[in-house]
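In what follows, a structure is listed as structure tokens, so that the remarks can point back to it.
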Amino acid sequence: MNDATEIGKRLGRRFPEGIECAPHSPRRLYARVDPRLLLDVARWLLEQIPGLRLATSTGIDLRDGVDVLHHFAVNGSPLVITIKALAAKPGPRLPSLAALTPAADWIEREISELLGVAFDGHPDPRRLLKARTLGDQVLPLRRDFDPRTIKETTGEPPAR
Amino acid sequence: MAHVIRIGPYHPLQEEPASFLLTVEGERVIDIDVQLGYIHKGLERLAEQRTYDMVPLLLERICGICSATHSINFCHAVEDILGLAVPPRARYIRTIVGELERIHSHLLWVGLAGHFIGYETVFMWAWKYREPVLDMYEQLTGHRQNSALPQVGGVRRDLPEQAFPEVRRTLDALDGQVEMLTGAVLDDPVLAARLSGVGVLTAEQALAYGVVGPTARASGLATDVRADEPYAAYPELDWKVITRSEGDVFAKAVVRLLELKESIGLVRQAMEKLPPGPINAGPLHVPRGEGIGRYEAPRGEDVHYVRSNGTNMPERVKVRAPSYVNIPSFRASCIGQTISDVTLTLAACDPCYSCTERMAVVRDAGGGSEITFSDLVRLGREKTLRIARELGRKPDLDLEIG
Chain A
1 MNDATEIGKR LGRRFPEGIE CAPHSPRRLY ARVDPRLLLD VARWLLEQIP
51 GLRLATSTGI DLRDGVDVLH HFAVNGSPLV ITIKALAAKP GPRLPSLAAL
101 TPAADWIERE ISELLGVAFD GHPDPRRLLK ARTLGDQVLP LRRDFDPRTI
151 KETTGEPPAR
Chain B
161 MAHVIRIGPY HPLQEEPASF LLTVEGERVI DIDVQLGYIH KGLERLAEQR
211 TYDMVPLLLE RICGICSATH SINFCHAVED ILGLAVPPRA RYIRTIVGEL
261 ERIHSHLLWV GLAGHFIGYE TVFMWAWKYR EPVLDMYEQL TGHRQNSALP
311 QVGGVRRDLP EQAFPEVRRT LDALDGQVEM LTGAVLDDPV LAARLSGVGV
361 LTAEQALAYG VVGPTARASG LATDVRADEP YAAYPELDWK VITRSEGDVF
411 AKAVVRLLEL KESIGLVRQA MEKLPPGPIN AGPLHVPRGE GIGRYEAPRG
461 EDVHYVRSNG TNMPERVKVR APSYVNIPSF RASCIGQTIS DVTLTLAACD
511 PCYSCTERMA VVRDAGGGSE ITFSDLVRLG REKTLRIARE LGRKPDLDLE
561 IG
């Protein structure tokens with residue numbers, strides 16, 4: 001059951017369209033998911049695989065959008081399932097997983113602050129990590145970010 | 161009528177930067193909020209500007225306690241891209257370094273926990289016993305905390321086997337001390353009364369928040385990367401995963417204390433069985449790809465994601481330290497508790513605010529004069545020359561400069 005190829009096959013059967021599975025090794029599964037299916041796929045995984053938890057997520061700035069990778073680990077198993085969804089530019093947005101699992105709360109806020117992805121349906125989208133003196137448009141993990149511009153950005157009022 | 165009490169932005173007891181906002185009604189906490197980012201250093205971005213050989217040295221500086229954690233785990237992620245097997249001797253060396261780190265980290269927490277409840281005797285004991293662990297770390301790696309050992313494919317340097325007898329003696333002494341400390345803490349009726357039933361995190365909550373390490377194991381989840389995804393020498397050594405089902409602060413203390421004993425055993429066994437052979441799988445080219453590394457840090461599972469693009473620098477390095485998932489579980493374990501219990505619960509997951517920022521002034525033990533930066537450069541050059549002379553090599557150093 002807890003084998004990347006097996007889970008990949010089951011995912012493919014459950015979601016015949018909009019998902020592309022690539023088992024990297026028996027321990028690692030990568031699945032590219034249509035953003036519209038993201039919530040359904042995450043919910044299905046959390047229901048189907050006992051001990052599954054969201055370990056973390058990664059945001060990567062690409063030319064066409066921000067690639068968001070949700071890494072799910074399984075307690076008691078070496079398996080890590082990564083679901084990738086591209087938040088297309090301009091105005092990248094994705095559905096939020098925070099309503100499904102509180103583990104997504106912080107990391108989605110972080111990705112939204114550092115890479116400018118809006119997470120629809122996030123219950124608590126306040127500032128978490130980025131300095132309160134930096135404006136919402138300052139996105140430090142974007143490729144076009146120039147650290148020299150930081151000093152010229154004047155503060156906005158603290159988030160709270 | 162609700163009030164907000166702010167603990168931080170500089171935690172008065174942990175002496176680390178984090179800000180907790182407790183919304184209270186009378187004595188009872190009804191909501192909790194955490195503000196972070198006081199020491200966000202942009203290391204993920206920096207790591208994209210370093211070569212694969214340099215990144216472990218950079219990531220080692222994320223945290224002053226689990227330094228080898230992040231550097232070894234970055235190696236795990238890159239080795240996952242490459243599908244590379246690490247030589248046995250390097251796996252054992254990584255185990256020794258990792259377990260020594262776990263011992264000193266757990267002792268640090270036990271001491272701090274005593275300090276938090278005003279039980280200074282436990283604090284003094286635990287920190288006294290922690291000191292020889294750092295000495296062992298220095299004897300084996302050359303530094304009390306940053307070993308600079310991990311390298312993609314293995315380790316950079318071998319361990320000095322001539323130091324092993326001394327380290328074994330220190331471990332023997334430590335074993336007795338830890339046993340005494342464990343017994344004293346577990347048998348103490350005052351500690352049991354103060355810590356039992358405080359800040360309970362149930363197994364369901366632990367899974368939903370995705371907590372890891374001793375925080376999860378004290379709630380009955382048998383999750384330990386060393387067993388789940390065996391790496392280094394763990395599958396070849398004799399040890400067990402410690403779990404407790406209560407989920408309270410006392411259970412977290414018990415888990416850490418019992419893990420100390422396991423870790424001491426692991427260091428002993430790894431030194432005993434240390435196999436001969438190469439310590440590094442050799443020079444590498446990292447092709448385009450992506451990899452995920454997992455490592456059981458003292459505080460729990462550490463996750464690194466690395467995406468490579470075929471050059472000698474990674475395209476993206478994502479670091480998720482265990483405290484990042486353990487701290488949000490405060491919402492589940494603290495709400496409804498009294499203020500005095502909450503401060504204790506906040507400490508119980510051993511939150512590490514990603515690093516400790518410190519400046520060291522090196523003092524000459526004899527004269528008391530400070531060593532300047534140019535002195536350090538001179539000492540470094542002298543050492544390089546001496547090593548080159550001993551190896552009968554031409555020094556790899558441009559002596560004309562400076």
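One line per chain: the protein sequences are A and B, in this order. Going by my numbering, the residue at position 12 of the first sequence is 12; the numbering climbs one at a time, nothing skipped. Remember, my numbering sits 160 above the position in the second sequence when you count from 1. Note that the Cβ used here is the ideal one computed from N, Cα and C, for glycine as well. Computed from a predicted structure; not experimentally measured.
Check: In terms of residue numbering, what span does the alpha helix (DSSP H) encompassing residue 494 of chain B cover?
Finding: By 1-based counting over the second sequence, the position of residue 494 of chain B is 334. Residues 490–494.
Item checked: residue 95 of chain A burial status per 10 Å Cβ neighbour count (16 or more: buried) -> As a working note, residue 95 of chain A is residue 95 in the first sequence. Buried is the call here.
Checklist line | Limits of the unbroken beta strand (DSSP E) element including residue 424 of chain B | finding: As a first step, residue 424 of chain B is located in the second sequence; it is residue number 264 there, counting from the start. Counting along the chain, residue 424 of chain B falls outside any beta strand (DSSP E), though it belongs to the alpha helix (DSSP H) covering 409–433.
Check: Is residue 105 of chain A near residue 488 of chain B, with beta carbons less than 8 Å apart?
Finding: The residue you call residue 105 of chain A lines up with position 105 of the first sequence. The residue you call residue 488 of chain B lines up with position 328 of the second sequence. With contacts defined as CB atoms closer than 8 Å, residue 105 of chain A and residue 488 of chain B qualify as a contacting pair.
Next item on the list: Could you spell out where the alpha helix (DSSP H) holding residue 162 of chain B opens and where it closes?
Entry: Residue 162 of chain B sits at position 2 when you count from the first residue of the second sequence. Per DSSP, residue 162 of chain B belongs to no alpha helix (DSSP H); it is in the beta strand (DSSP E), 162–167.
Next item on the list: Take residue 75 of chain A and list the residues in its own chain whose beta-carbon comes closer than 6 Å to its own, dropping the five residues that flank it on each side.
Entry: Here residue 75 of chain A refers to the residue found at position 75 when the first sequence is read from its first residue. Non-local C-beta neighbours of residue 75 of chain A in its own chain, meaning closer than 6 Å and more than five positions away in sequence, comprise 51, ordered along the chain.
Next item on the list: Check residue 360 of chain B in the structure and name its three-state DSSP category.
Entry: As a first step, residue 360 of chain B is located in the second sequence; it is residue number 200 there, counting from the start. Residue 360 of chain B falls in the coil class under three-state DSSP.
Notebook entry, point to check: Are three or more beta carbon pairs between the segment 197–216 of chain B and the segment 308–317 of chain B nearer than 8 Å?
Noted result: Touching, yes.
Note to self: Given a cut-off of 8 Å on the beta-carbon distance, is the pair residue 46 of chain A and residue 57 of chain A in contact?
What the structure shows: As a first step, residue 46 of chain A is located in the first sequence; it is residue number 46 there, counting from the start. As a first step, residue 57 of chain A is located in the first sequence; it is residue number 57 there, counting from the start. No, these two residues do not count as a Cβ contact at 8 Å.
Notebook entry, point to check: The alpha helix (DSSP H) with residue 353 of chain B in it runs from where to where?
Noted result: Counting from one through the second sequence, the residue named residue 353 of chain B turns up at place 193. Unbroken alpha helix (DSSP H) run through residue 353 of chain B: 349–355.
Margin query: Is it buried or exposed, residue 394 of chain B, if we count other Cβ atoms within 10 angstroms and call 16 or more buried?
Written below: Here residue 394 of chain B corresponds to residue number 234 of the second sequence, with the count starting at 1. Residue environment analysis places residue 394 of chain B among the buried positions, since at least 16 neighbouring C-beta atoms fall within 10 angstroms of its C-beta.
Note to self: If distances are taken between C-alpha atoms only, which option among B:473, B:450, B:178 and B:439 comes closest to residue 243 of chain B?
What the structure shows: Within the second sequence, the letter at position 83 stands for residue 243 of chain B. Minimum Cα-Cα distance from residue 243 of chain B among the listed residues B:473, B:450, B:178 and B:439 corresponds to B:450.
Next item on the list: Check whether the Cβ of residue 155 of chain B lies closer than 8 Å to any Cβ atom in chain A.
Entry: No information on residue 155 of chain B is available, as it lies outside the stretch 161 to 562 that chain B covers here.
Note to self: Which residues does DSSP list as the beta-bridge partners of residue 30 of chain A?
What the structure shows: Here residue 30 of chain A refers to the residue found at position 30 when the first sequence is read from its first residue. Residue 30 of chain A is bridged to A:22 and A:82.
Next item on the list: Run down chain B in chain order and give the residues with a C-beta less than 8 Å from the C-beta of residue 130 of chain A.
Entry: Along the first sequence, one-based indexing puts residue 130 of chain A at 130. Close partners of residue 130 of chain A in chain B (Cβ separation under 8 Å): 197 and 200.
Next item on the list: Return the Cβ separation of residue 312 of chain B and residue 235 of chain B in integer angstroms, given the expectation that the two are a contact with Cβ distance under 8 Å.
Entry: Counted from its first residue, the second sequence places residue 312 of chain B at position 152. Counted from its first residue, the second sequence places residue 235 of chain B at position 75. That belief holds up - the Cβ atoms of residue 312 of chain B and residue 235 of chain B are roughly 5 Å apart, short of 8 Å.
Check: Among A:101, A:72, A:44 and A:64, which one has its Cα closest to the Cα of residue 30 of chain A?
Finding: Reading the first sequence from its first residue, position 30 is the one you call residue 30 of chain A. Looking at A:101, A:72, A:44 and A:64, the one whose alpha-carbon comes closest to that of residue 30 of chain A is A:72.
Next item on the list: Sort out for me which residues DSSP pairs residue 189 of chain B with in a bridge.
Entry: On the second sequence, residue 189 of chain B is found 29 positions in, with the first residue counted as 1. According to DSSP, residue pairing for residue 189 of chain B in a beta bridge involves B:184.
Next item on the list: Provide the residue span of the alpha helix (DSSP H) that contains residue 266 of chain B, from first to last.
Entry: Along the second sequence, read from residue 1 onward, the residue named residue 266 of chain B stands at position 106. Element bounds for residue 266 of chain B: 248–276.
Margin query: The alpha helix (DSSP H) that contains residue 452 of chain B, what's its start and end?
Written below: Here residue 452 of chain B refers to the residue found at position 292 of the second sequence. Boundaries around residue 452 of chain B are those of the beta strand (DSSP E), 449–457, since no alpha helix (DSSP H) includes it.
Item checked: Partner residues on chain A for residue 369 of chain B, Cβ-Cβ distance less than 7 Å -> Taking the first residue of the second sequence as position 1, residue 369 of chain B is located at position 209. Close partners of residue 369 of chain B in chain A (Cβ separation under 7 Å): 102 and 103.
Check: Over what stretch of residues does the alpha helix (DSSP H) that includes residue 7 of chain A continue unbroken?
Finding: As a position in the first sequence, residue 7 of chain A is number 7, starting the count at 1. Residue 7 of chain A -> alpha helix (DSSP H) spans 4–14.
Notebook entry, point to check: Taking 8 Å as the CB-CB cut-off, is residue 5 of chain A touching chain B?
Noted result: One-based indexing of the first sequence puts residue 5 of chain A at position 5. Not an interface residue.
Checklist line | Three-state secondary structure assigned by DSSP to residue 67 of chain A | finding: Numbered from 1 along the first sequence, position 67 holds the residue referred to as residue 67 of chain A. Assigned with DSSP and collapsed to three states, residue 67 of chain A falls in strand.
Checklist line | Cβ neighbour criterion (16 or more within 10 Å) applied to residue 265 of chain B | finding: Here residue 265 of chain B refers to the residue found at position 105 of the second sequence. Classification of residue 265 of chain B: buried, given that the 10 Å Cβ count is 16 or more.
Next item on the list: Going by CA-CA distance only, name the one from B:281, B:331, B:270 and B:277 that's closest to residue 295 of chain B.
Entry: The sequence position of residue 295 of chain B within the second sequence is 135, counting from 1. The residue among B:281, B:331, B:270 and B:277 with its C-alpha nearest the C-alpha of residue 295 of chain B is B:331.
Next item on the list: Use the C-beta contact count for residue 356 of chain B: other C-beta atoms within 10 angstroms, 16 or more gives buried, fewer gives exposed.
Entry: As a first step, residue 356 of chain B must be located in the second sequence, where it is residue number 196. In the assembly as shown, residue 356 of chain B is an exposed residue. Its beta-carbon has fewer than 16 other beta-carbons within 10 Å.
Note to self: Using C-beta distances below 6 Å, list every residue in its chain close to residue 341 of chain B, excluding the 5 sequence neighbours before and after it, in chain order.
What the structure shows: The residue you call residue 341 of chain B lines up with position 181 of the second sequence. Here the set comprises 285.
Next item on the list: Per DSSP, which residues does residue 54 of chain A bridge with? Please list them.
Entry: One-based indexing of the first sequence puts residue 54 of chain A at position 54. Answer by DSSP bridge pairing, in chain order: A:72.
Next item on the list: My understanding is that residue 89 of chain A touches residue 114 of chain A, with C-beta atoms under 8 Å, so please give their C-beta distance in whole angstroms.
Entry: Counted from its first residue, the first sequence places residue 89 of chain A at position 89. Counted from its first residue, the first sequence places residue 114 of chain A at position 114. Contact between residue 89 of chain A and residue 114 of chain A is ruled out by a C-beta separation of about 15 Å, above the 8 Å threshold.
Note to self: Checking the sheet assignment: what are the DSSP bridge partners for residue 403 of chain B?
What the structure shows: Here residue 403 of chain B is taken as the residue at index 243 of the second sequence, counted from 1. Answer is none; residue 403 of chain B lacks a bridge partner.
Check: In whole angstroms, what is the alpha-carbon distance linking residue 527 of chain B and residue 289 of chain B?
Finding: Counted from its first residue, the second sequence places residue 527 of chain B at position 367. Counted from its first residue, the second sequence places residue 289 of chain B at position 129. With a pLDDT of 45 at residue 527 of chain B, under the threshold of 50, the predicted position of this residue should be treated as unreliable, though the coordinate-derived value follows. If I take the Cα positions, the gap works out to 29 Å.
Notebook entry, point to check: In or out: residue 464 of chain B buried (at least 16 other Cβ within 10 Å) or exposed?
Noted result: As a position in the second sequence, residue 464 of chain B is number 304, starting the count at 1. Residue 464 of chain B is buried by the Cβ-count criterion.
Next item on the list: Please report the Cβ distance between residue 54 of chain A and residue 103 of chain A, rounded to the nearest whole angstrom; I am assuming they are in contact, meaning their Cβ atoms lie under 8 Å.
Entry: Numbered from its first residue, the first sequence carries residue 54 of chain A at position 54. Numbered from its first residue, the first sequence carries residue 103 of chain A at position 103. That pair is a contact at about 4 Å.
Checklist line | Among B:273, B:476, B:477 and B:257, nearest to residue 429 of chain B - alpha-carbon criterion | finding: Translated into positions along the second sequence, residue 429 of chain B becomes position 269. Minimum Cα distance to residue 429 of chain B is reached at B:257.
Notebook entry, point to check: Could you give the residue range of the alpha helix (DSSP H) that holds residue 120 of chain A?
Noted result: Locating residue 120 of chain A in the first sequence gives position 120, where the first residue counts as 1. Residue 120 of chain A -> not in any alpha helix (DSSP H); beta strand (DSSP E) instead, spanning 118–120.
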